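Asker:
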Amino acid sequence: MPLDAAESWGVDGVIVLNLDRRPDRWAAFQDAWRDVLPWDRVVRLSASDGQKLPGYSERPWFRGRKRDQTWAGRAGCTLSHARALREARRLGWARVLIMEDDAIPAGSPAALSKTLSTAQASTVGDMLYLGGREPIGVGETVDGLMAIHGVHDTHAYVVNGPLRDWLIAHLPDETNVWGWIARERAVDRWMRREIGRRFSVKLCQPQLAIQADDVSDITQRREGAYAAGAAAKNSARRPSELARIVEMAEDRVRAAVKRAVGF
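Count along the sequence shown from 1, add 1046, and you get the number used in this note's numbering.
1) Tell me whether N991 is buried or exposed, calling it buried when 16 or more other Cβ atoms sit within 10 Å of its Cβ.
2) With a CB to CB cut of under 8 Å and the five nearest residues on each side skipped, what residues in its chain are close to R1320?
3) Express the C-alpha separation of A1228 and D996 in angstroms, rounding to a whole number.
4) Which residues in the same chain have their Cβ closer than 6 Å to the Cβ of D1066, if we skip the five residues on either side of it in sequence?
5) Give me the Cα-Cα distance between S1103 and V1307, rounded to the nearest whole angstrom.
6) Just how far apart, CA to CA, sit A1258 and D1148?
7) Let's test the definition: count the other Cβ atoms within 10 Å of the Cβ of K1098 and tell me whether it reaches 16, buried, or not, exposed.
8) I'd like the list of long-range same chain contacts for R1090, defined as Cβ closer than 6 Å, with 5 residues on each side in sequence excluded.
9) Note down the Cα distance separating P1069 from F1075, rounded to an integer number of angstroms.
10) Just the C-alpha distance for Y1175 and E1186, rounded to the nearest angstrom, thanks.
11) When DSSP builds the beta bridges, which residues end up paired with K1098?
12) Mapping DSSP to helix, strand and coil, what is K1327?
13) Write down every uninterrupted run of the beta strand (DSSP E) in the region 1105–1177 whose length is 3 residues or greater and which is fully enclosed by it, in chain order.
14) Do you know offhand how far A1052's Cα is from D1058's?
15) Can you tell which of A1255, H1198 and R1210 has its C-alpha closest to the C-alpha of R1135?
16) For N1222, count neighbouring C-beta atoms within 10 Å of its own C-beta (all shown protein chains included) and say buried if the count is 16 or more, exposed if not.
17) Mapping DSSP to helix, strand and coil, what is H1198?
18) Among P1151, F1108 and E1220, which has the Cα closest to the Cα of L1125?
19) Over what stretch of residues does the alpha helix (DSSP H) that includes L1209 continue unbroken?
20) Can you find the residues in the same chain that come closer than 8 Å, C-beta to C-beta, to E1293, ignoring five residues on each side of it along the sequence?
21) For L1063, which three-state DSSP category applies?
22) What does the alpha-carbon distance come out to for the pair F1309 and A1156?
23) Whether or not the region 1194–1202 and the region 1231–1248 are in contact is what I'm after, with contact meaning three or more pairs of Cβ atoms, one per stretch, closer than 8 Å; do they touch?
24) Does I1291 come out as helix, strand or coil in the three-state DSSP assignment?
25) On the CB-based measure, 16 or more other CB atoms within 10 Å of its CB, does A1241 come out buried or exposed?
26) Using only the alpha-carbon positions, how far apart do W1236 and D1081 sit?
27) Secondary structure at E1186, three-state DSSP: helix, strand or coil?
28) Expressed to the nearest angstrom, what Euclidean distance is found between the alpha-carbon atoms of R1105 and R1129?
Have a look at this one:
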């Protein structure tokens, strides 16, 4: 039986991002999570297609280069997550699980249920990643939850109301997404750097969701699935503010160059 949302998942609902042109992925997602998700609270949300956004294939950002589709995919991904967060707010969901359609369970439904029940009984913080790569600012792991500053990947994560609203306020919309993505490069990179400065972030250990071995909608290349093992080591060290400032300055220069010569 699917898990009970209120008792096991600790969320008001689940939003799954899926491009309209990829019904195959939506079907595969339903098959993969059929015995896991609380389907009475699952909403499929049409993902933003970067190749249909205003300004795609036009100057100053695009010059007909081979990676144009990759940058469009990154922009579409960013806007999709922003739309999912706004949809959660519209529905009145104070705590929402946002998933991408290439997320697959890591482990059996019973193991997922046990870990999530433990997580619900613990202090899970403002953001809980069910999976991710290259965590930074790694701290203690308690009850299967690793304290982190941030992590790559946005295929499955839970956010609460205050963080949801903060993200909505800071993510771009269609009017400024090209400049934003030229500067930040990818939404998960930006989230990895910024969220942990203001909010509590945790990562499930072992991970509960990984990404399928499939052709990426962003890079148009096959992205191999990765192991869900706990590869991160405990460390109290957090990313330095100086390193952040330097990185942001470099990003602004890179964005200016891309505006001048294109992606």
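Just so you know, even glycine gets a beta-carbon here, dropped at the ideal spot from N, CA and C. Just so we're clear, the structure is a prediction, and the values are computed from it rather than from any experiment.
Answerer: The short version:
1) Because the chain here runs from 1047 to 1309, residue 991 falls outside it and cannot be looked at.
2) In the structure as shown, the chain starts at 1047 and stops at 1309, and residue 1320 therefore has no counterpart that could be examined.
3) For the chain, the structure presents residues 1047 to 1309; residue 996 sits outside this window and is missing.
4) Within the same chain, D1066 has close Cβ partners S1092.
5) Distance between the alpha carbons of S1103 and V1307 is about 13 Å.
6) Distance between A1258 and D1148, taken at the CA atoms: about 5 Å.
7) In summary, K1098 is exposed, with fewer than 16 beta-carbon neighbours lying within 10 Å of its beta-carbon over all protein chains present.
8) Sequence-distant Cβ neighbours of R1090 in its own chain, meaning closer than 6 Å and more than five residues away, are V1062 and N1064.
9) Cα to Cα, P1069 sits roughly 10 Å from F1075.
10) Their backbone Cα atoms lie some 15 Å apart in a straight line.
11) Paired residue(s): none; K1098 is not in a bridge.
12) No statement about residue 1327 is possible, as the shown extent of the chain runs from 1047 to 1309 and does not include it.
13) Counting whole runs of 3 or more residues, the region 1105–1177 contains the beta strand (DSSP E) stretches 1141–1146, 1149–1151 and 1173–1175.
14) In this prediction, A1052 has a pLDDT of 44, which is less than 50 and means its spatial position is unreliable; nothing more can be read from the coordinates.
15) Minimum Cα-Cα distance from R1135 among the listed residues A1255, H1198 and R1210 corresponds to R1210.
16) Exposed: under 16 other Cβ atoms inside 10 Å.
17) Of the three classes helix, strand and coil, the one that applies to H1198 here is strand, per DSSP.
18) For the residues P1151, F1108 and E1220, the minimum Cα distance to L1125 belongs to E1220.
19) Per DSSP, the continuous alpha helix (DSSP H) segment holding L1209 begins and ends at G1207 to H1216.
20) Correct list, in chain order: R1239.
21) Of the three classes helix, strand and coil, the one that applies to L1063 here is strand, per DSSP.
22) Cα-Cα distance, rounded: 45 Å.
23) Contact holds: three or more Cβ-Cβ distances are below 8 Å.
24) Under the three-state reduction of DSSP output, I1291 falls in the helix class.
25) It should be noted that the sequence gives Ile, not Ala, for residue 1241. It is buried - the Cβ of I1241 has at least 16 other Cβ atoms within 10 Å.
26) The straight-line gap from Cα to Cα measures roughly 33 Å.
27) Judged by DSSP in its simplified three-state form, E1186 adopts coil rather than helix or strand.
28) Cα to Cα, the separation comes out at about 26 Å.
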